[in-house]
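Report on the structure given below.
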Amino acid sequence: MAFKEDIRYSASVKRCAKQIVKEFFEDILIGEFKMPSQTQMESYLLENIDSGFDEYQALKKIQCSHPEWSQERIADELEKQKRRYEKEFQHNLKVAAQNAINEVENLAGNLKDTIKAWKIKNLE
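In terms of my numbering, the sequence shown opens at residue 968 and continues consecutively.
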């Protein structure tokens, strides 16, 4: 039932943050950048991660682990695992979105600091 990757700390978080910084580069430079909301960040992440529950694999594991179970009991267990997976995924998505927001803040801050240092060195 585990995710293919732990989205809370995955490369997807960093890719998402970098993409946002690239997309809003000019806004960051002129100080008009507005941080995406938690919900917007979750949407950005969903575009870049595999969030699907592998029903076939879960079904096979249940059948192998419990060959004596009826089809109805297997179906009930499969539904229970789907709900648990979705709940865990939603929690991890919220954590990942917050991590992505933090990463965007770090990248944007570093960009501003680098530009400020360049201006001091080259323009003053």
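The beta carbon of each residue, even a glycine, is placed where N, CA and C say it ideally should be. None of these values were measured; they are calculated from a predicted model.
Pair within 8 Å by beta-carbon distance, Ala1067 and Cys983:
As a position in the sequence shown, residue 1067 is number 100, starting the count at 1. As a position in the sequence shown, residue 983 is number 16, starting the count at 1. Yes. Within cutoff.
#### Entry: Complete alpha helix (DSSP H) runs within the stretch 972-1037 (minimum length 4 residues, chain order)
978-990, 992-996, 1005-1013 and 1022-1032
How would you call Asn1059, buried or exposed, if buried means at least 16 neighbouring beta carbons within 10 angstroms? Within the sequence shown, residue 1059 is the residue found at index 92, counting from 1. The residue in question, Asn1059, is buried, as its Cβ has 16 or more Cβ neighbours within 10 Å.
Check: Helix, strand or coil for Met968 per DSSP?
Finding: Taking the first residue of the sequence shown as position 1, residue 968 is located at position 1. Because the pLDDT of Met968 is 35, which lies under 50, any placement of that residue in the model is unreliable, and the number read from its coordinates should be weighed accordingly. Residue state, collapsed to three classes: coil.
Can you check whether the CB of Leu1012 is closer than 8 Å to the CB of Ala1063?
-> For the purposes of this step, residue 1063 is taken as the residue at position 96 of the sequence shown. For the purposes of this step, residue 1012 is taken as the residue at position 45 of the sequence shown. Yes, the Cβ-Cβ distance between Ala1063 and Leu1012 is below 8 Å.
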